[in-house]
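Okay, so here's the structure we're looking at.
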Amino acid sequence: MVELRDLWLTYPGAAQPSVRGVSLRVEPGEFVTLLGPSGCGKTSTLRSIAGLETPSAGAISIGSADAFNATRGVDVPTHQRDISMVFQSYAVWPHMTVAKNVAFPLEVAKRPMDEVRTRVAEVLQMVGLTGLADRSATQLSGGQQQRVAIARALVRRSAVMLLDEPLSNLDAKLREQMRLELRQLLKTVGLTAVYVTHDQEEALMLSDRIALMSAGKFVEVGTPLDLYLKPRTLFGATFLGAAEVFEVVRTQGTSIETKIGHLHVETATTNFSHVGIRPEAIRVRQQKSPHPSANQLQGTLVSAVFSGRQQQLIVQLDAGRQIHVLAEATTIFRAGESITVEFPVERLMGLTEEASPD
Amino acid sequence: MSPRSLRSVFLQRAWLPLGLLALLLYLVAVPLALLLVSSFKPTGLPFDEGFSLQNFAIVYGDAGFYALLRNTLTFALGCTVCALVVGGVLAWLVERTDLPFRATARVMIALPMVLPPFLLAMGWVLLASPRTGWFNQLAQDAFGLAQAPLNIYTMGGMIFVETLALVPSVYLILSNAFRNMDPALEEAGMTCGARWPAMVRRIFIPLLSPALLAAAAYLLIVGFLVFDVPGTLGMPVGLFVVSSRIVYLATDQSGGTSAYGLIAAIAVTFLVLLLALAWSYRRLTRQANRFVTVTGKGFRPRQLRLGAMKPVAVALVLLYFVLAVLAPLGLLIWTSLTPYLASISWDMAGKLTLAQHAAVFSNPRVGAAAWTSMWVSMLSATLVTLLALLVAWTVLRTRALGQSGRNLLDVLSFMPLAIPGTMIGMALIYMYLTLSFVPIYGTAWILVIAYVTVYLSFSTRTASASLIQLHPELDEAARTCGATPAMTVRRIVLPLLMPALAGAWIWVVAHVMRELSTALLLQGDDNVTLAVQLWSYWAGGEPSKAAAVGVWLVVVMTVITIIWQRLSARRDVVFSG
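Residue numbers (our numbering), protein chains in the order written: chain A, 4 to 361; chain B, 32 to 608.
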């Protein structure tokens, strides 16, 4: 269990705080991802949990004890915290063999020799490096080095594992493969983990919960499905997946006047600043509808690009905007033809400019 | 997990950096401050009564001072320009043309490093002194000249020998710059239709200018502070530069301590100049780093075909090797084998003897000097390497002392680059003559302190450079594995830095072994080093004995240099892995 309470971090000499009052509770066995663009403070938050940065205010507890508490003056040094960490650069020590790297946390903790041997063999098997135990770490490929780093973190059986963009240095194909392996691994081990990434697909595939970060704050926190289907903020809708968003002019119950016309949403509220929809949720028909019903808009097809699984359409709405639509691959489209688009009411997302998580 | 208060953690982490800062202030700032104070004291000793500008008045009122200034400038500028030209041409030939026997050429150009500059100068005295020089005798015999054509005891001779000694350093700096030039930059120029003159003017010079300027500033600093060559070639005939003048004034017994005020005034004047130079060197090297033209290892520099010029190029490399190593070292070996000073001839060849070597080896003073040289060099190297590691670590990897405190630490560790060994030596004399409760004046310990200060700059830069290459996550990973900071340093940081630190250590050992000016100034009864012993043989009119000691010094230097080369090769393997 890890808990952050109103954590602030300002680097010495920096004008602005990097982390501005974040709070989060990670339950045992839960995998939480901090997702956000670069510079949003996600790595600073993670490094604060590890004790590699000293927060300016707030508290961090790991397990049941305080690891950091600014008001009570507690700051447990990194090596006494019950954590393990995987770094972006792997940080595999080049002067040691694979087995020595993995054994290091146990040697430092002065575990008996045979326990060290069995536990090292166990995690090396888990990450699929059994045959490479005596290799020098410099003779490994990037993917293998990352496995060593993960094994070294696993072997400690710490209360929480911290992962700082562990896949971002791998090439695209390997990254995809490691993503699946990592997911498999953490489901079998039942790991409690905090994971930092800027890759939304990675976050969606791996996490139990995602904390979406921007400018040092948590913008939204929720399960991948919730955040994707029902984001509450403009940032959430546009950063996590693609979205077409329309500015709200006026709201009247469930009827909302936007820059492109009237749209109906499921629940009535007054504080929406935008209404959005995912490109794959938009339905298209290849004709003008004589009597457009609710949430239907007229337009002209600008282009259709076939990309295998689907077609990417660009539609010029009569109301003045161009929007992107993902359509089935099998329909034949011609540029210039008339198009009716429909926004299903259950897929319309009412968005606010900024929201604080609950 | 035991919670600890922020305050105690702060205290625990702060004492080491503070102690480090205090130590560096003591080593670098205090001696310089005492030098400054001394220059305003009528007696020339820092804690005596009174304050006067009399020393400066005497120094600045003396026409000799302006001659000294002019000589020093001529010498420093002269060897800077010559070394840049010779070293630049050699580096270009080896790195950017199809010169044959490239590997051999590299060794030939680097080899003069094993020959201490004062030995090189002594070798050249044997080759080109007006009365006994071998080259002079050959020329006189061959052309029937009445007068010796060469005289090494001149400003030209000094610049010539110093240039020979500086070329390897220039070569190292510039060959790196040549090697790291991406041919894509040249090809881009050529595809834009540039011809060769335009290429040189618009692409080569601008690209190389940071390296050239940094090399020039470095050479100028060295030119200002070296003693070896001007001390061997200029001092005997009264041709002084500032460092030899200081040694002369300080060791000239007739003046007593009365000259100390004057020395301080001269030293302070030149120190201002040197620190300004060092400051611009620092800025230039930072700029040079910004101009990184390396884009990875996947390229070979474009090579110019020498064609008919090939023999000329080979001859040029050979000529340098002969002048800088073969001829002076050969003459030294010859001289060490002659029973009395005599030039190379068939008649003498029959009379060669190992008697001088035997005499030197059986002299207990030489044995004591060798022992002093050895332990002083090893202890100084160990201390300065440790200190350098601590400074580099504090500056690069901690937030201790605040930004300005760390900057101060950085500047203090850099400053000795610009302080001549003669001035450190003088400053330490002032310091420990007055601080008589630290009874190290005249002992080898004062040498250790001097050398730790003198080589702090080099060691810190080496330690910083290798620490920068060490990704911070490597040591953070150890801490997140549960290792204490001490354990992290012992198990992770030290093993990874060891090749680089060992390289720096052995470099310092080699340089302390051959260091002359500081050891001369600080010599007492118990701290005569091998270099000082050699110098006193030479100055005392026993060149054969001096040569015998010199030959063995070169042997030791060669062994040390080979070890150093091996270590650097290993370091490259570790970091490219």
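All C-beta atoms in this analysis are idealised placements derived from N, C-alpha and C, irrespective of residue type, glycine included. Here the structure is a predicted model, which means the values were calculated and not measured.
The CB of H502 of chain B comes closer than 9 Å to the CB of F90, S92 and A94 in chain A, given here in chain order. When secondary structure is reduced to three states using DSSP, I471 of chain B falls in the coil class, being assigned neither helix nor strand. Residue burial is scored here from C-beta neighbours: M116 of chain A has fewer than 16 other C-beta atoms within 10 angstroms and is therefore classed as exposed. Under the DSSP assignment, H265 of chain A falls in the beta strand (DSSP E) whose first and last residues are G264 to H267. Residue-level contact by beta carbon holds for L55 of chain A and chain B, with a gap shorter than 7 Å.
The criterion of a C-beta distance shorter than 7 Å is not satisfied by H388 of chain B and A577 of chain B.
Counting only Cβ-Cβ distances below 9 Å, V111 of chain A has contacts in chain B at A509, C512, G513, A514, T515, M518 and R522, in chain order. A residue is called buried once 16 or more other Cβ atoms fall within 10 Å of its Cβ, and Y93 of chain A is buried on that count. Linking H542 of chain B to L487 of chain B through their CA atoms gives a straight-line distance of about 12 Å.
In this structure, DSSP gives N72 of chain A an extended state, which the three-state scheme calls strand. Straight across, the Cα-Cα distance linking S367 of chain B with L385 of chain B is about 8 Å. In the structure shown, the three-state DSSP call for T261 of chain A is strand. Only residues of its own chain outside the window of five on either side were considered, and among them Y184 have a CB closer than 7 Å to the CB of V268 of chain B, listed in chain order. In terms of Cα proximity to F352 of chain B, the closest of B:L443, B:L302 and B:I140 is B:I140.
K220 of chain A has A:S217 as its beta-bridge partners, per DSSP. For I89 of chain B, the uninterrupted alpha helix (DSSP H) segment begins and ends at Q85 to G92. For L417 of chain B, the three-state secondary structure derived from DSSP is helix.
Of the residues assessed, K45 of chain A falls on the buried side of the cut-off, its CB having 16 or more other CB atoms within 10 angstroms. The Cβ atoms of H267 of chain A and A297 of chain A lie closer than 7 Å to each other. For F34 of chain A, the enclosing beta strand (DSSP E) has its first and last residue at F34 to L38. Contacts between P108 of chain A and chain B, judged by CB atoms closer than 7 Å, involve C512 and G513 in chain order.
With respect to the 7 Å criterion, M266 of chain B and S274 of chain B are not classified as neighbours on the basis of their beta carbons. For L528 of chain B, no CB of chain A lies under 7 Å from its own CB, so it is not counted at the interface with that chain.
The three-state reading of DSSP puts R510 of chain B in helix, counting H, G and I together. By a beta-carbon distance limit of 8 Å, T549 of chain B contacts T453 of chain B. Their separation comes to about 7 Å. If only uninterrupted alpha helix (DSSP H) runs of at least 4 residues are considered, those enclosed by the stretch 104-182 of chain B are 133-141, 148-159 and 165-174. Rounded to the nearest angstrom, the gap between the Cα atoms of Y312 of chain B and L250 of chain B is 10 Å. When DSSP assignments are scanned along the stretch 47-115 of chain A, the uninterrupted stretches of alpha helix (DSSP H) that are 4 or more residues long and fall wholly within it turn out to be 101-111. Leaving aside the five residues that flank M164 of chain A on each side, the residues in its chain whose CB is nearer than 8 Å to its CB run, in chain order, I86, S87, M88, V89, A156, L157, L194, T195, A196 and V197. Comparing C-alpha distances from P180 of chain B to each of B:C113, B:V345, B:S160 and B:W406 shows the shortest one belongs to B:S160. Minimum Cα-Cα distance from T403 of chain B among the listed residues B:V540, B:P237 and B:R428 corresponds to B:V540. Legend: CB atoms of the stretch 426-443 of chain B lying less than 7 Å from CB atoms of chain A belong to residues R430 and Q434. A Cβ-Cβ separation of about 6 Å places L121 of chain B in contact with Y202 of chain B under the 8 Å criterion.
S411 of chain B sits away from V303 of chain B, with the two beta carbons spaced by 7 Å or more. A straight-line Cα-Cα distance of about 20 Å links F34 of chain A and L10 of chain A. Rounded to the nearest whole angstrom, the C-alpha separation of F392 of chain B and G473 of chain B is 25 Å.
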